[in-house]
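To keep things clear, I will list the structure first and then write my remarks on it.
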Amino acid sequence: MLIEQIRLDNGCALGLSFEMQKYPLLVIRAEKGFLMCGYLNIDAAETLGDTAAKVKGVQSFEDMLKAEVVEVTRFARELGVEPGMTGREALERMF
1 MLIEQIRLDN GCALGLSFEM QKYPLLVIRA EKGFLMCGYL NIDAAETLGD
51 TAAKVKGVQS FEDMLKAEVV EVTRFARELG VEPGMTGREA LERMF
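In UniProt numbering, the protein residues as written are 1 to 95.
Spelled out as structure tokens, the structure:
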């Protein structure tokens with residue numbers, strides 16, 4: 001497991017990377033929510049009341065920051081997070 005601080009304009013997020021068999025499972029946690037990779041389920045995050053956004057096709061934290069958000073929970077929408085923005089933009093709104 002790799003844990004890394006990720007500096008953003010609005011604060012410092014925490015990146016977690018778990019090596020799986022072929023691709024890493026990645027999460028970046030901000031103050032009010034998190035950015036997830038394609039391994040994780042946005043519907044589960046919604047049901048649990050989490051503020052979350054999902055990106056796909058990523059293999060690193062840098063990939064996540066550059067990738068386009070493809071799904072969000074309604075709690076993320078309340079913070080202004082929308083599909084189509086970058087992972088970095090989504091995280092900035094989660095501080």
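Think of the CB as a built atom: it goes at the ideal place given N, C-alpha and C, for glycine as much as any other residue.
If you're wondering where the values come from, they're calculated on a predicted model, not measured in any experiment.
| Item | Value |
| --- | --- |
| Close beta carbons around residue 101, own chain, < 7 Å, minus the five adjacent residues each side | Outside the displayed span of the chain (1 to 95) sits residue 101, for which this structure offers no information. |
| F34 - DSSP class collapsed to helix/strand/coil | strand |
| Per-residue DSSP class, three states only, for E82 | coil |
| Option nearest D50 by Cα separation, candidates M1, L16, M94 | M94 |
| Proximity of G84 and E68 at Cβ, strictly below 8 Å | yes |
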